[in-house]
Structure formats: structure tokens, C-alpha cells
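Enquirer: Take this structure, written in C-alpha cells, and hold onto it; I'll ask about it next.
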Amino acid sequence: MRLLDAIGVLTGRLRTIPAAAGQPAATTEAAPSAAPLAAAARQPAAIPPGPRGTVGRESRAWRNRNPGNLRPPSSWAPDGLVATDTAPLGPFCVFGTEMHGWQAMATRILQLAKQGRRTVPAIIGVWAPPGVDGNDTGAYVAGVCAKLGISRDEAIDPRRLAVMTALGNAIRRHEGKPTDPAWDMAAQREGFLRAGVAP
1 MRLLDAIGVL TGRLRTIPAA AGQPAATTEA APSAAPLAAA ARQPAAIPPG PRGTVGRESR
61 AWRNRNPGNL RPPSSWAPDG LVATDTAPLG PFCVFGTEMH GWQAMATRIL QLAKQGRRTV
121 PAIIGVWAPP GVDGNDTGAY VAGVCAKLGI SRDEAIDPRR LAVMTALGNA IRRHEGKPTD
181 PAWDMAAQRE GFLRAGVAP
């Protein structure tokens, strides 16, 4: 197959080859116009439609690009929400990008802070309520406090990027698995800033 014909097969376009005397015309694929291909190249990549990875290998948080394992909220619509994971103990949000997952996490933490929940127990008590889905809220609080290097009673200001980053990573570690692939920290920072965290 000639090069132009091979390109035509890939694009699904046809052209007619003039026939020799006494022979029917043959049909083969036409070379594509460069303009549509150039226009397609300028289009942004589509947001993935659902979870990534393999169930049982990576954590649900990583597969859903949802570092906080947020459930679909009833009072607000997170940016970048593309699906809902209804597997056991669901539903959980599925985000199209890691950036949107981090943005949703920060948005929820800032909402809690505005309600006066500025200590780790006050935040995690809402994030993972005791007695729900087998949550060990006490262990969760202790783990987050240890990662932040603060006491249970110490107030924090998640509007500051350094604080939100430390808190977000502590929550992500608890919700995920040690064997998860690395998260994109540039996407984390962008998500936090989009949520309104001060740089």
C-alpha cells in the first residue's frame, strides 16, 4: 500500500483512481486535508471518563483521582466531577484530573474552616465520622496530627498553602495506600490555589 493510501485508511477517506481503458475505476483512500488534522491537534485532550488503574491494586482514592475520598456533596457541585464510584461503601466522587480532586478537597476543608472547624479532630470528625463505614476516627486524627507535628487542640489555618499542603497530604496518605503511584504535586498546588488557598 502506498503512503497516501495508508493515510487514507487511517482517516476513512476515499478517492477514485482513473481506470485504464476497458477497466472499471478502482476506489482507494484519499490523502487527508492538512487543515482538519491541524485543527484536531489544537483541541484539548478529553477528560478521562472514569477511574484509572486496577481495582485491588491501587487505592480507590488514587483510581478516582479523589485524594480525600470525597463523597458526592449535596450542597455544591465540585469542578471536574465526571462520574460516581458506586462500589461497596460508595458512592465516591470520580474526578477527571488530579487537579480537580485536590481542588475539591481544599474547597471542602475551607468550608469546614469557615464553620469554625479549625482543629484536626473537628475537621476529621466530619471527614470520617466515627462509627460510619468502619471509620477509626481516633486513629485518623492521631495520624494526621503526627504528620502535621501538632497537638489535637491546636488550631490551624488551611487558607495558607503550606498548611493546606501538609493537611491534604496527611489525609491523602490515610485514604490511599503506601503502594499507590505518585501523585502530581504540581496539580495539587494548582488545585489548592483554584480553591482559594493563599500562595
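Following full-length UniProt numbering, the numbering of the sequence shown begins with 1 at its first residue and continues without gaps.
Every residue, glycine too, gets a C-beta built ideally from N, C-alpha and C.
Please read these numbers as outputs of a predicted model, since none were measured by experiment.
Apart from the five residues on each side of it in sequence, which residues of its chain come closer than 7 Å, Cβ to Cβ, to R194?
Expert: If you number the sequence shown from 1, residue 194 lands on position 194. Here the set comprises Q103.
Enquirer: Taking all protein chains shown into account, do 16 or more other C-beta atoms lie within 10 angstroms of the C-beta of G149, making it buried, or fewer, making it exposed?
Expert: Looking up residue 149 in the sequence shown gives position 149. Exposed, by the Cβ-count rule.
Enquirer: For T54, does the three-state DSSP call read helix, strand or coil?
Expert: Indexing the sequence shown from 1 puts residue 54 at position 54. DSSP places T54 in coil when its eight states are reduced to three.
Enquirer: Using DSSP with H/G/I as helix, E/B as strand and the rest coil, what is Q188?
Expert: The residue labelled residue 188 in the question sits at position 188 within the sequence shown. If DSSP states are grouped into helix, strand and coil, Q188 belongs with the helices.
Enquirer: Report the rounded CA-to-CA distance for D157 versus G125, giving the unit in angstroms.
Expert: For the purposes of this step, residue 157 is taken as residue 157 along the sequence shown, with counting starting at 1. For the purposes of this step, residue 125 is taken as residue 125 along the sequence shown, with counting starting at 1. Whole-angstrom Cα-Cα distance: 17 Å.
Enquirer: Using the Cα positions of A162 and A61, report the straight-line distance between them to the nearest angstrom.
Expert: As a first step, residue 162 is located in the sequence shown; it is residue number 162 there, counting from the start. As a first step, residue 61 is located in the sequence shown; it is residue number 61 there, counting from the start. Taking the Cα positions, A162 is about 22 Å away from A61.
Enquirer: Taking the beta carbon of G101 as the centre, do at least 16 other beta carbons fall within 10 Å, making it buried, or is it exposed?
Expert: Taking the first residue of the sequence shown as position 1, residue 101 is located at position 101. G101 comes out buried.
Enquirer: Any idea what DSSP makes of V94, helix, strand or coil?
Expert: As a working note, residue 94 is residue 94 in the sequence shown. Note: V94 maps to strand in three-state DSSP.
Enquirer: Output the boundary residues of the alpha helix (DSSP H) element that contains V163.
Expert: As a first step, residue 163 must be located in the sequence shown, where it is residue number 163. First-last of the alpha helix (DSSP H) with V163: L161 to E175.
Enquirer: For T84, which beta-bridge partners are listed by DSSP?
Expert: Here the question's residue 84 lines up with position 84 in the sequence shown. Per DSSP, C93.
Enquirer: Decide if T54 is buried, meaning its Cβ has at least 16 other Cβ atoms within 10 Å, or exposed.
Expert: The count along the sequence shown starts at 1 and reaches residue 54 at position 54. The residue is exposed, with fewer than 16 neighbouring Cβ atoms inside 10 Å.
Enquirer: Could you pull the start and end residues of the alpha helix (DSSP H) that I124 belongs to?
Expert: Within the sequence shown, numbered from 1, the residue matching residue 124 stands at position 124. Start and end: V120 to W127.
Enquirer: Please report how far the alpha carbon of V144 lies from the alpha carbon of N69, in whole angstroms.
Expert: What you label residue 144 is simply residue 144 of the sequence shown in a count that begins at 1. What you label residue 69 is simply residue 69 of the sequence shown in a count that begins at 1. Distance between the alpha carbons of V144 and N69 is about 15 Å.
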